[in-house]
Amino acid sequence: MQIFKQPTFNEVINYINHLKKEIKYYPKHLSEYLNKNFFPEYRKYLRFLENDYINHLEPTNNKLENYNGNTMPRYEKKSYRTMKGLWSALMHKKDGWIKRRKQDLTN
């Protein structure tokens, strides 16, 4: 959908305003769905574009996150809070996995 391909939050809002103006040309069932379900709720799908969330991952509240929060050291949890830190951690895990697989295959 074009909404998620827009680079900034303001451009998304402009696109949604354009959709609201053009909704009378859509099929009836689609326009009803958009008016009833999408337009009242669309901002929560776009939170990642707002300035507060740029380059930060949104915190979660599920059981797995709680488990990680209680079992991981503080410095390790902090490394996952930004996209750069998360990417770095994933690449280090990938490199370690590749080294372990090479050892398994050569032994």
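The opening residue of the sequence shown carries number 1029 in this note's numbering; numbering runs sequentially from there.
Note that CB positions come from ideal geometry on N, CA and C, so glycine has one too.
Checklist entry - Which whole-angstrom value is the C-beta distance of Lys1049 and Phe1067, which I expect to be below 8 Å? => result The Cβ separation is near 12 Å, so there is no contact.
Checklist entry - Cα-Cα, which of Lys1112, Met1119, Tyr1073 is closest to Lys1033? => result Tyr1073
Next on the checklist: Quick check on the DSSP output: what are the complete alpha helix (DSSP H) runs of length 4 or more inside the segment 1051 to 1078, in order along the chain?
Outcome noted: 1056 to 1061, 1070 to 1073
Next on the checklist: Just to confirm before moving on: does the CB-CB distance between Tyr1070 and Ile1051 stay below 8 Å?
Outcome noted: no
Checklist entry - What does a CB cutoff of less than 8 Å around Ser1059 pick up in its chain, not counting 5 residues either side in sequence? => result Ile1051, Lys1052
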